[in-house]
DNA sequence: CTTGCAGTTGACAGCGCTGTCATCGCGGTT
DNA sequence: AACCGCGATGACAGCGCTGTCAACTGCAAG
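Residue numbers (the numbering used here), protein chains in the order written: chain W, 5 to 339; chain C, 5 to 339.
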């Protein structure tokens with residue numbers, strides 16, 4: 005920067021002013037500085053700027069997986085929203101969802117000097133992390149305000165949406181609905197399971213035990229094998245589409261038809277969900293809107309603006325496709 | 005840090021030594037410093053360190069999408085490998101793959117002071133970007149050494165693998181194989197299309213025009229509709245699984261069966277590929293190995309080590325499942 | 001008892017930038 | 001004519017850390 009100043013025949017401070025688009029610089033000087041910047045191939049040093057301003061214009065993201073539909077879609081939205089606001093993203097994955105791992109990740113982000121932290125896929129534990137990040141606001145993508153009032157919570161109404169999906173199945177005439185849940189302990193899994201349970205209890209139906217998956221098609225397949233063996237199962241709600249795909253495959257491999265014998269509803273509307281052999285009925289949420297809303301609120305906090313707590317519910321839409329139908333008069337026996 | 009020094013009754017420099025695990029500090033002093041660090045709740049300031057060392061221990065990643073199987077799997081591997089080596093990841097997405105957008109992203113990463121740059125999903129244009137990043141090594145995930153000798157290239161042998169897949173289809177007895185490619189101009193699309201073409205030409209078969217998709221199931225569906233109308237089509241190789249899924253759906257919706265009438269091979273082995281109604285024959289590559297290999301080589305460069313140019317080919321495996329079979333005596337007409 | 005040397009510690013400068021405050025013109029007021 | 005106010009500019013300090021080099025220990029060797 006000193007070089008540029010010399011080249012332009014101005015003080016270093018003036019170069020700084022021009023670079024940062026501060027007012028009160030004559031146009032002629034501004035032009036001269038820009039020319040010098042160009043000539044010297046000057047690029048401002050972010051570290052030095054961060055050192056003095058105590059701001060890095062960087063957001064830290066903590067996630068556990070980048071491959072599943074939900075987190076990867078939200079990540080994309082977060083990145084876009086951040087970039088538009090002039091922020092960069094520092095990405096940290098934690099192999100496990102343990103509070104310790106998350107705490108460590110947050111610590112390393114704070115050390116990195118991020119201005120805010122975003123936690124995708126909150127595990128149950130996030131509420132209990134109770135991790136202090138003095139001066140660094142935290143955004144959690146979950147629909148329940150939870151027990152950490154300091155943190156910002158944004159998310160679709162998983163619980164309500166799932167309840168609706170199950171009620172739709174009940175409305176079709178199914179006696180009850182089984183559930184393949186995500187990993188126990190995760191907020192998302194729990195919220196979805198709660199919605200399912202609420203619908204069942206609201207309609208005074210039997211609440212069968214939920215099967216626990218891990219979001220993968222393989223775990224859905226395993227659950228499907230178990231469910232195929234129970235002759236009374238006619239409707240299953242899966243906590244995501246991948247598991248629903250695995251489940252359907254298991255059902256079909258046991259000679260059952262979907263939706264002939266068993267109706268299946270998934271969640272998240274994967275890119276391929278509409279193009280399966282049996283297009284999947286699923287719950288679609290606008291991940292991009294959720295991400296943007298969250299980042300906006302986080303940046304309000306970061307930049308000391310009044311955080312408009314509009315907290316408009318982000319809508320979830322039930323997309324009815326071919327995997328659901330009224331229950332059969334008599335369900336086939338599994339092979 | 006000054007506070008910690010005062011608390012421990014040592015010089016600031018000694019605290020610095022302890023923090024950085026430098027030798028030549030008495031154990032007793034070291035313990036005292038650690039205690040003071042704990043007591044003061046001290047966290048080193050990365051910006052200040054970066055300012056003086058000129059190193060940020062940060063890698064910049066440029067990508068276009070985080071949702072498709074390939075890039076998201078590689079991203080995960082890159083993050084893991086980087087974290088294990090003590091590096092953080094700064095993520096930048098570019099909406100388009102234009103050279104300009106990529107150049108800009110790289111510029112912003114350089115300004116951010118990253119020690120190295122990783123480009124996922126290289127577009128054709130990356131070779132032509134010709135972007136100078138003096139002092140910042142660049143890693144490209146592509147199998148062809150390309151025209152930019154300065155940059156590190158790591159990738160599975162897409163071309164060879166695709167050739168094998170097509171030869172497998174030919175070996176089944178198919179007269180020729182059609183191809184649904186990725187977006188034109190991308191390295192990955194091109195390499196895969198080249199492999200397909202090479203196999204066909206090697207066997208002296210007719211090379212039908214390739215259909216261009218955009219990696220999504222929807223584009224595969226569109227291609228499938230077109231292919232269903234051509235009665236001579238009995239085998240299709242898709243540049244990824246999502247498009248293959250869309251394609252199969254289109255074929256089936258036109259009354260054709262897979263693999264009865266048409267055999268389909270995909271690529272990338274998505275989480276759900278083995279669990280589809282017709283489990284998909286596909287090409288699986290070890291993304292994690294590719295990512296680790298790449299990061300290792302990049303860090304060799306970053307840290308000034310001799311970059312062991314072992315360049316072991318990362319293997320690609322053909323997973324034969326139910327979507328491929330010998331061609332029918334007479335292919336059905338599409339509805 | 002001196003000398004040398006390795007191991008240990010500290011003083012100080014400076015990385016590249018921005019915030020603060022002083023300074024300098026210039027035109028408009030009294 | 002003296003004054004004021006404001007826009008434009010610059011001098012300088014200092015953000016929190018590490019690299020350099022000097023200084024100071026104790027102990028073994030001469």
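Where a beta carbon is used, it is the ideal one built from N, C-alpha and C, also for glycine.
Here residue 88(W) is exposed: its Cβ has fewer than 16 other Cβ atoms, across all protein chains shown, within 10 Å. Residue 277(W) has its alpha-carbon roughly 23 Å from the corresponding atom of residue 183(C). Residues of chain W whose Cβ lies closer than 7 Å to the Cβ of residue 95(C) are, in chain order, 83, 93 and 95. With respect to the 8 Å criterion, residue 207(C) and residue 287(C) are not classified as neighbours on the basis of their beta carbons.
Counting C-beta atoms within 10 angstroms of its own C-beta, residue 307(W) has fewer than 16 neighbours from the protein chains shown and is therefore classed as exposed. Among the residues facing chain C, residue 19(W) is not included, as its CB has no counterpart in that chain under 8 Å away. Non-local C-beta neighbours of residue 272(C) in its own chain, meaning closer than 6 Å and more than five positions away in sequence, comprise 73, 74, 244 and 245, ordered along the chain. Runs of alpha helix (DSSP H) with 4 or more residues, each lying fully within the stretch 218-249 of chain C, are found at 221-232, listed in chain order. Residue 54(C) reaches chain W at 51, counting residues in chain order whose Cβ is nearer than 7 Å. When the Cα atoms are used, residue 168(W) and residue 225(W) turn out to be separated by approximately 25 Å.
Taking 8 Å as the cut-off, the beta carbon of residue 97(C) is found closer than this to the beta carbon of residue 68(C). Between residue 117(W) and residue 50(C), the gap from beta carbon to beta carbon is short of 8 Å. One Cα belongs to residue 108(C), the other to residue 338(W), and the distance between them is close to 58 Å.
For residue 320(C), the enclosing beta strand (DSSP E) starts and ends at 320-323. Burial state of residue 83(W) is buried, judged by a 10 Å Cβ sphere holding 16 or more other Cβ atoms. At a Cβ-Cβ threshold of 8 Å, residue 266(C) and residue 285(C) do not count as neighbours. Per DSSP, reduced to three states, the secondary structure at residue 216(W) is strand. Burial of residue 274(C) is indicated by the presence of at least 16 other C-beta atoms within 10 angstroms of its C-beta. Contact annotation, residue 268(W) with residue 327(W): C-beta distance approximately 5 Å; criterion of less than 8 Å satisfied. Bridge pairing for residue 64(C): 94(C) and 121(C) [DSSP].
Of 52(W), 333(W) and 15(W), the smallest CA-CA separation from residue 177(W) is found for 333(W). The beta carbons of residue 309(W) and residue 235(W) sit about 59 Å from each other, so the pair does not count as a contact at 8 Å. Bounds of the beta strand (DSSP E) holding residue 287(W) are 285-289. Around the CB of residue 111(C), fewer than 16 other CB atoms lie within 10 Å, so the residue is classed as exposed.
Residue 12(W) is positioned such that its CB atom lies no closer than 8 Å to that of residue 52(W).
For residue 8(C) and residue 42(C), the gap between their C-alpha atoms comes out near 9 Å. In this structure, residue 160(C) and residue 289(C) form a Cβ contact; the two beta carbons are roughly 4 Å apart against a cut-off of 8 Å.
Ranked by Cα distance from residue 293(W), the first of 79(W), 18(W), 35(W) and 10(W) is 79(W). The residue from 228(C), 163(C) and 297(C) with its alpha-carbon nearest to that of residue 157(C) is 297(C). Under the Cβ criterion of 8 Å, residue 290(W) is not counted among the residues facing chain C. Not flagged as an interface residue toward chain C: residue 263(W), since no C-beta distance is shorter than 8 Å.
When the five nearest sequence neighbours on each side are left out, the beta carbons in the same chain lying within less than 7 Å of the beta carbon of residue 54(C) are those of 60 and 117, in order along the chain. A check of alpha carbon separations from residue 174(W) across 198(W), 142(W), 199(W) and 209(W) identifies 209(W) as the nearest. Shown here, residue 253(C) sits in a helix according to DSSP, grouped into three states. Counting only Cβ-Cβ distances below 9 Å, residue 46(C) has no contacts in chain W at all, with the closest Cβ about 10 Å away.
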